[in-house]
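Residue numbers (my numbering), protein chains in the order written: chain A, 3 to 88; chain B, 80 to 194.
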């Protein structure tokens, strides 16, 4: 069962690596924020799966932090864009 | 039995995540990419989290965190996507292949009525 979670973690990191293409190539700032937001979600999932594989119970808290505060970051970026402060 | 459920749920979640990422890479404009990022990525994340909760038990220290992350994703991902789409529209990112823009039409109509 632990090998399944390791495979999930590796696949999520590979998906993050694919998203780096959109992060580098995005024509506008909004594209980059979308890619960054998705990368945060995927890395939270990867951390959670890796925590189950490694048996370390401190990593799920980091995943919880990533999943909640990355959206706060996205909303703050959206406010900056809306008020034309960039 | 539990292991088969974990494998199936993980495979479904990874397939949805991969299709969402292909959408983010290939879609022609920001709004389509936001749609991929909000719906498909949420639907790809939830089965993986349920797989963790099934494999480790929902009351264990991994499963409980997985369920909290699932609830947070369901609440926060639409909110962040909505804020991003609104900000992208207000900064004037063009829509590709759109046949009508109802917000701009309504604004133009209000301006015409007031004058």
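Glycine is no exception: its CB is placed at the ideal position from the N, C-alpha and C atoms.
{"Asked": "The region 88–103 of chain B touching the region 62–80 of chain A, judged by at least three CB pairs closer than 8 Å", "Found": "no"}
{"Asked": "Start-to-end residues for the alpha helix (DSSP H) that takes in residue 172 (chain B)", "Found": "Segment: none, residue 172 (chain B) is in no alpha helix (DSSP H) and carries neither H nor E."}
{"Asked": "Chain B residues whose Cβ lies nearer than 7 Å to that of residue 65 (chain A)", "Found": "144 and 148"}
{"Asked": "Closer than 8 Å to chain A by CB, residue 102 (chain B)", "Found": "no"}
{"Asked": "CB contact below 8 Å: residue 194 (chain B) versus chain A", "Found": "Only weak support is given to the placement of residue 194 (chain B): the predicted model assigns it a pLDDT of 47, under 50, and the question is left unresolved by the model."}
{"Asked": "Unbroken alpha helix (DSSP H) run spanning residue 120 (chain B), endpoints", "Found": "120–135"}
{"Asked": "Residue 157 (chain B) versus A:36, A:61 and A:62, residue with shortest Cα-Cα distance", "Found": "A:36"}
{"Asked": "8 Å Cβ cutoff met for residue 131 (chain B) and residue 51 (chain A)", "Found": "yes"}
{"Asked": "The region 166–194 of chain B: positions lying closer than 7 Å to chain A by Cβ", "Found": "166, 167, 169, 170 and 172"}
{"Asked": "Enclosing alpha helix (DSSP H) for residue 45 (chain A) [first to last residue]", "Found": "31–56"}
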